[in-house]
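Those letters in the sequence shown? Residues 1 to 290, per the UniProt record's numbering, in order. Even for Gly, the Cβ is constructed at its ideal location relative to N, Cα and C. Presented below is the structure to which this report refers.
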Amino acid sequence: MSQETPYIFDATTADFDQSVIENSFHKPVLVDFWAEWCAPCKSLMPLLQTIAESYQGELLLAKVNCDLEQDIVARFGIRSLPTVVLFKDGQPVDGFAGAQPESAVRAMLEPHVQMPPPAAADPFEHAQALFDDSRFADAEAALKVLLGEDNTNAAALILYARCLTERGELGEAQTVLDAVKSDEHKAALAGAKAQIQFLGQAKDLPDAADLKARLAKNPQDDEAVYQLAIQQLARQQYDAALDALLKLFVRNRSYSEGLPHKTLLQVFELLGNDHPLVTTYRRKLFAALY
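Structure (structure tokens):
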């Protein structure tokens, strides 16, 4: 009914003991007793093959054509089709008769067969996932391994610099970014450099709490508005920072020689054109300009 694979095969009277019984001492073997005239058999077999393939060799699937292999049918007392029997360590340990949904088949297999581990993720994607999950130390460790194999990997260098930035090593992060020579990740590089700049600026500014206290007394304190926005950018509170910068730009375009406008553009670089906040605030900035 389908082509064989190394772990999906036909079993016959001549080879049953070797292909099923002996193999089951190494890997569980699911035996599907079927026949050409059995309609439920024909709907069940593709499902069993899909399940077997998902185990990537940890489960073997043997197909027994009951019309041809009457000795096996008699040996195991098969009375209805389809019948499915799971063999392990030379013995039948579980099974079912009749067509079953995938969930039921997998539930039957679960105590006896271990799913293979997921395929190893791409090393950079793994590091990026760690970074996105705020596991910066773990991401940094993964990137060190990756860069040990290729210290010219631009994407890895940029993400490594972001990790250094997160723990306050701004000078070292800038050195790493300066080593990036490829133009392939130009936007990511610009964004990483912009973040270093915001963090560097924030170090010399009053605390956010002090700035908020100033604004509570005087909401028109342009300097406090801008400095608080920088503190927010350094802490990746982008929505609040962008809103404050845009309002400051609308209210006082000439503040510090157009600094709010320049900072907005830096943030757009940092987040990237696909970020929803960039889409929103770029449109608002355009409306404010024209």
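One question on the structure: do residue i and residue j come within less than 8 Å of each other, judged by their Cβ atoms?
i      : j      : result
CYS163 : LEU143 : yes
LEU199 : VAL176 : no
LEU81  : CYS41  : yes
LEU248 : VAL278 : no
VAL64  : LEU30  : no
ALA209 : ALA234 : no
LEU289 : VAL267 : no
GLU269 : ALA155 : no
ASP10  : ALA35  : no
ALA229 : LEU245 : yes
Please identify the residue among the options whose C-alpha is closest to the C-alpha of residue i.
i      : options                        : result
SER103 : ALA194, LEU44, ARG214, ASP183  : LEU44
GLN91  : ASP17, PHE136, ALA97           : ASP17
LEU23  : GLY95, LEU59, PRO276           : Going by the sequence as given, residue 23 is Asn instead of Leu. Looking at the Cα atoms, LEU59 is the closest of the given residues.
SER54  : VAL20, LEU265, PHE124, VAL105  : VAL105
PHE286 : THR165, ASP274, LEU215, LEU265 : LEU265
ALA171 : LYS88, LYS193, ASP15           : For the record, residue 171 in the displayed sequence is Gly; it is not Ala. The candidate whose alpha carbon is nearest that of GLY171 is LYS193.
PHE25  : THR5, VAL93, ALA39, ALA35      : VAL93
ILE78  : ASP89, GLY95, ASN153           : GLY95
GLU257 : TYR238, ASP222, ARG283, TYR281 : ASP222
ILE51  : ASP89, ARG75, PRO116, GLY98    : PRO116
PRO276 : TYR238, LYS217, VAL250, SER254 : TYR238
SER182 : ASN151, ARG167, ASP32, ARG282  : ASN151
LYS27  : ASP15, GLN49, GLN56, TRP37     : GLN56
GLU125 : GLN114, GLY98, TYR160, PRO101  : TYR160
GLN174 : GLN195, GLU184, HIS185, ALA74  : GLN195
GLU166 : ALA240, ASN218, GLN236         : GLN236
VAL73  : ASP89, LYS284, ALA179, ASP32   : ASP32
ILE21  : PHE76, ASP122, VAL250          : PHE76
ARG251 : PRO101, VAL180, GLN220, ARG214 : GLN220
GLU184 : PRO123, TYR281, ASN153         : ASN153
From which residue to which residue does the alpha helix (DSSP H) around residue i run?
i      : result
ILE158 : 154-166
LEU205 : Where LEU205 is concerned, there is no enclosing alpha helix (DSSP H), given that its DSSP letter is neither H nor E.
PHE131 : 123-132
ALA14  : Looking at the DSSP string, ALA14 is not in any alpha helix (DSSP H), and its letter there is neither H nor E.
ASP178 : 170-178
ARG106 : 102-109
HIS185 : Premise fails: HIS185 is in no alpha helix (DSSP H) and is neither H nor E.
In terms of residues, what are the limits of the beta strand (DSSP E) holding residue i?
i     : result
PHE96 : 91-97
ALA62 : 60-65
VAL85 : 83-88
ILE8  : 8-10
VAL29 : 29-34
Contact defined as beta carbons within less than 8 Å: I believe residue i pairs with residue j. What is the distance between those atoms, to the nearest angstrom?
i      : j      : result
LEU61  : TYR7   : 7 Å
ASP137 : ALA127 : Looking at the sequence shown, residue 137 is not Asp but Ala. Actually they do not touch by this definition, with Cβ atoms about 12 Å apart.
GLN227 : LEU211 : 6 Å
THR5   : ASP71  : That pair is no contact at about 25 Å.
ALA187 : GLY272 : 6 Å
For a test of your reading of the model: does the CB of residue i fall under 7 Å from any non-hydrogen atom of the ligand FMN? Yes or no.
i      : result
ALA190 : Looking at this structure, you won't find the ligand FMN or any other ligand, since it has none at all.
Margin query: Check whether the segment 130-141 and the segment 101-109 touch, using three or more Cβ-Cβ pairs below 8 Å as the test.
Written below: no
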